[in-house]
Amino acid sequence: MKRVAVFALAVLALAGACKKKNELAANINAANKVSNRVARFYYESGDMQLIAESRNIALPENPAAAIPVVARELMKGPAGKTAFRLFPPDTLVRGAYLLPGGNVIVDLGGPTLQKGWETGSHTEIMAIHSLVQTITSNFSDARRVRVLVNGSPAETLAGHISLARPFGPDTSLVEPRSR
Amino acid sequence: MKRLLSLGVLVLLTVASIVVAQTAGTPSSGQGTLRTASGDRPITYVIQSGQTYVSATEVAQGLGGSVESDSNGFKVTVSGSVAAFGPDSRYGVIRDDLIEMPVPPIAIEGRPYVPWQFFQGFLGRSAQDVTWDANTRVLAVRPQQRDAVGVQVSVANVQGISKIVLTLSASAEYAVAKEPSGYVVRFRSPLRAPFGEQTYEDPYIAKLTFIANELRIQLTSPDVVGDAYQLENPPRIVLDLRKGAAPVPGALQPSGVPPRPQDAPGIHTIVIDPGHGGKEVGAVGPGGLYEKDVTLAVSQKLAASLAAKTGARVVLTREDDSIVSLDQRTAIANQYKADLFLSVHMNAAVAPNAKGSETYYLSLEASDELAKKAAETENAAAAADPASDLKLILWDLAQQAYIGESSRFAQAIQEEMSSATGVGNRGVKQAPFKVLVGATMPAALVEVGFISNPEEEAKLQSAAFQAAIVDAITRAVTRYKTDYETRIGVTPPPAPATATAPATSTQAPAPAPAQTQTPAPATPQTRTER
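Note that the protein sequences, when read in sequence, are chains D and A. Using my numbering, the letters of the first sequence correspond one by one to residues 788 to 966. Using my numbering, the letters of the second sequence correspond one by one to residues 4 to 533.
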């Protein structure tokens with residue numbers, strides 16, 4: 788009996804030590820109704836323009852909840868062989884937030900962006916605009932996109948393009964049929 | 004014996020739980036006071052791991068506002084301004100800007116508690132000072148002192164010089180004095196300091212401390228000497244610190260303007276910026292060629308060629324495989340009062356057959372919209388802190404004043420590149436390149452070719468192709484220089500037959516060697532005419 792009591796106390800002590808201190812996440816994730824819809828994802832074509840690829844995916848009806856889902860889906864890369872992935876394959880979408888006024892904050896992460904992405908300005912520009920075009924073309928509430936890296940403002944993704952400002956869509960980078 | 008063993012295990016586990024709980028920071032809470040112009044009211048605070056959190060709801064309500072939750076986090080509304088924060092992020096959001104907190108918010112019994120600094124960042128944007136007194140547990144909110152000057156600090160060591168840049172919210176009177184442990188910058192006005200004390204891993208700077216109206220700079224060694232100078236738009240005080248032969252007694256004297264070949268209008272100083280460097284290798288070719296190596300080789304040859312052909316002083320932002328920050332590259336050009344700035348890069352694309360050169364100048368689109376927004380929110384922005392949109396816009400406008408000339412300069416480079424090097428012409432484009440923002444002279448960035456394409460990678464490392472690039476850019480700079488100086492009346496218009504002849508035919512000065520020394524301290528002035 789005493790042995791059982793000792794064991795129970797030990798379990799209680801461990802449980803107390805391991806109790807999660809931040810319970811905020813559970814409180815703010817309101818349930819969202821989910822339905823299937825066709826969304827457009829932008830990648831680079833062989834002609835070095837952005838080309839749309841459509842996919843039928845399950846999305847929350849609330850745009851604020853759906854935007855991070857779409858951003859994460861983009862990072863999976865193109866399904867077709869005629870388009871090229873722009874972001875490094877290990878890129879994570881840590882979060883995406885729709886703000887009043889139509890600005891979207893996308894928080895990116897992952898080993899390559901963390902250690903420094905070794906690429907040229909063309910890929911950097913196209914990657915940013917593949918994200919911007921994907922979000923703004925699928926959500927009418929979203930007008931501009933600002934990019935963070937690992938939760939913080941970053942100068943650039945790969946040493947060229949300033950991330951200090953949100954980006955609006957630039958259709959000159961998009962293949963005419965995909966606009 | 005068994006009983007003793009069980010007891011021992013229990014004690015060990017209990018101690019372990021206490022240690023872990025203390026490491027995680029057992030919270031303690033209490034009743035504090037929110038002090039505003041309309042009086043005091045109680046608020047709940049929590050101290051965890053040394054950080055004070057306040058109840059977001061109670062503080063917002065005390066200020067006549069509210070807190071609402073949605074699927075992404077919480078929205079705080081006070082006097083019509085809205086800020087948002089979420090779990091696990093120490094950044095709140097207000098309009099397009101971020102509010103930095105030392106740690107993320109926490110929840111206690113489902114109620115959000117934010118680091119008190121959240122309200123400092125939030126209300127600071129509407130010209131209110133927020134302070135927390137740890138002794139009296141009072142969160143005081145009061146209108147900002149009108150004469151208080153906001154200060155932002157950046158520290159960098161570049162090419163053997165440690166540079167402290169104090170960006171001010173408004174011009175301020177100050178004096179710099181030498182003390183045994185370092186330097187002191189004394190302001191006449193009260194300051195809104197970004198921190199109390201901060202240590203640095205820098206060869207010359209040990210610690211910066213803000214006390215009242217002073218910034219104290221503690222140096223790592225008594226033989227570090229410095230120069231101070233001012234920059235405008237936005238107002239900045241720059242202190243350059245380097246190893247000196249002997250300590251400099253007495254007050255630090257502002258340094259003079261660096262020598263320039265001529266002060267007359269025209270193009271006398273050109274800054275060439277070899278892209279990337281050090282561990283920032285840039286793009287990497289399929290054969291392993293590093294962008295940083297090609298940019299340096301091309302830029303060094305270009306510097307020599309330009310100095311010989313144009314007679315201008317030519318400065319490189321780096322002359323070896325070192326890291327230079329993007330801001331510093333532009334700062335070097337501004338410090339030398341350069342008349343032209345060119346950043347040299349190699350491109351990369353995911354499409355393996357990507358080829359051709361392209362030349363960029365700063366994007367106007369974003370700046371135009373932001374300038375409009377600034378005009379709409381002029382009053383609010385004028386009272387904002389130094390990191391406000393207005394300050395950033397002004398800094399964007401530094402290059403915007405030269406955007407027309409930058410466009411001409413980029414056009415000249417792209418035309419010569421495409422006609423002489425045989426690579427495809429991808430044209431002149433605009434994009435918000437970080438290295439071009441803030442340059443107070445015509446500025447462009449050339450992407451010479453695609454290092455990601457095996458054929459272009461092979462070309463880029465050949466001496467013959469590099470020479471062709473250097474010749475093309477030299478012709479472009481010479482052409483632009485002649486055109487610009489003709490337009491401003493410095494050089495008579497050339498005869499039609501020699502319109503594209505090298506500048507040496509219209510320039511008398513003897514060829515000067517490329518100057519690649521570290522930047523001299525300077526007092527650059529914002530030039531408004533072009």
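By construction, the Cβ of each residue, glycine as well, lies at the ideal position given by its N, Cα and C atoms. All values reported here derive from a predicted model rather than from experimental measurement.
Beta-carbon gap between residue i and residue j smaller than 9 angstroms
i, j, result
"D:P980", "D:V825", "As shown, chain D starts at 788 and ends at 966. That puts residue 980 of chain D outside it, with no answer to give."
"A:A209", "A:T202", "yes"
"A:L299", "A:D323", "yes"
"A:I275", "A:L234", "no"
"A:Q433", "A:S366", "yes"
"A:L244", "A:N216", "no"
"A:S92", "D:G882", "yes"
"D:P875", "D:S924", "no"
"A:S455", "A:G288", "yes"
"A:S157", "A:V168", "yes"
"A:P105", "A:V70", "no"
"A:A159", "A:K166", "yes"
"A:F122", "A:V57", "yes"
"A:T80", "A:A63", "yes"
"A:G269", "A:I491", "yes"
DSSP three-state assignment for residue i, whether helix, strand or coil
i, result
"A:I491", "coil"
"A:Q147", "coil"
"A:P193", "coil"
"A:F453", "strand"
"D:H947", "coil"
"A:G314", "coil"
"D:L861", "helix"
"A:A415", "helix"
"A:D230", "strand"
"A:R239", "strand"
"A:D486", "helix"
"A:D43", "strand"
"A:I167", "strand"
"D:H916", "helix"
"A:S302", "helix"
Contact set between residue i and chain D, taken where Cβ atoms lie within less than 9 angstroms
i, result
"A:K437", "E942, T943, G946, H947, I948, S949, L950 and A951"
"A:G124", "Residues of chain D passing the Cβ test: none, with the nearest at roughly 13 angstroms."
"A:Y574", "Lying before the first or after the last residue shown, residue 574 of chain A is absent from chain A, which here runs from 4 to 533."
7 angstroms Cβ shell around residue i - same chain, five flanking residues per side excluded
i, result
"D:D877", "G897, P898 and T899"
"A:A502", "Confidence in A:A502 is poor, its pLDDT being 36 and thus under 50, which makes the residue's placement unreliable; the coordinate value appears in the next sentence. There are no such residues."
"D:Q836", "L960, V961 and E962"
"D:L885", "P850, A851, I854, V891, D928 and A929"
"A:G33", "Y48 and R140"
"D:W904", "P875, L944 and A945"
Contact set between residue i and chain D, taken where Cβ atoms lie within less than 8 angstroms
i, result
"A:E450", "G907, S908 and H909"
"A:I454", "G907"
"A:L329", "E942, T943 and G946"
"A:E283", "G903 and G946"
"A:M349", "G907"
Own chain partners of residue i with C-beta closer than 8 angstroms, once the 5 adjacent residues on each side are dropped
i, result
"D:A792", "At D:A792 the pLDDT is 49, less than 50, meaning the model places this residue with poor confidence; the figure from the coordinates comes in the next sentence. Excluding sequence neighbours, D:A792 sits near nothing in its chain."
"A:G427", "K358, G359, S360 and S421"
"A:T55", "Y48, V49, P118, W119, W135 and A137"
"A:A254", "For A:A254, the predicted model reports a pLDDT of 31, less than 50, meaning its position is unreliable; a value from the coordinates is still stated below. Once the five neighbours on either side are set aside, the close Cβ partners of A:A254 are A178, V179, A180 and K181."
"D:A858", "V880, A883, V893, L918, T921 and I922"
Residues of its chain near residue i, where Cβ-Cβ distance is below 6 angstroms and the 5 sequence neighbours each way are ignored
i, result
"A:Y483", "F412 and A415"
"A:T39", "V144"
"D:E831", "F871, L873 and M913"
"A:T362", "A413, I416, Q417, V431, A447 and V449"
"D:N937", "G896"
"A:D132", "R145 and Q147"
"A:A442", "T333, A336, F344 and Q402"
Chain-ordered chain A contacts of residue i [CB-CB under 8 angstroms]
i, result
"D:R964", "Simply none; closest approach about 18 angstroms."
"D:E831", "A352, V353 and A354"
"D:I912", "A434"
Interface residues of chain A facing residue i [CB-CB closer than 7 angstroms]
i, result
"D:L879", "The contacting residues do not exist; D:L879 stays about 14 angstroms from chain A at best."
"D:L873", "V353"
"D:P887", "V85"
"D:M835", "A352, A354 and A357"
Where residue i meets chain D, residues with beta-carbon distance less than 7 angstroms
i, result
"A:N337", "Near A:N337 there are no residues of chain D at all, since even the closest Cβ is about 17 angstroms away, more than 7 angstroms."
field: Segment contact flag, the region 431-450 of chain A with the region 336-347 of chain A, C-beta cutoff 8 angstroms, min 3 pairs
entry: yes
Taking 8 angstroms as the cut-off, does the region 280-289 of chain A touch the region 332-343 of chain A (at least 3 CB pairs, one atom from each stretch)? no
Report task. Kindly confirm or deny that the region 947-959 of chain D and the region 917-936 of chain D touch, where touching means at least three C-beta pairs closer than 8 angstroms. Result -> Touching, per the Cβ criterion.
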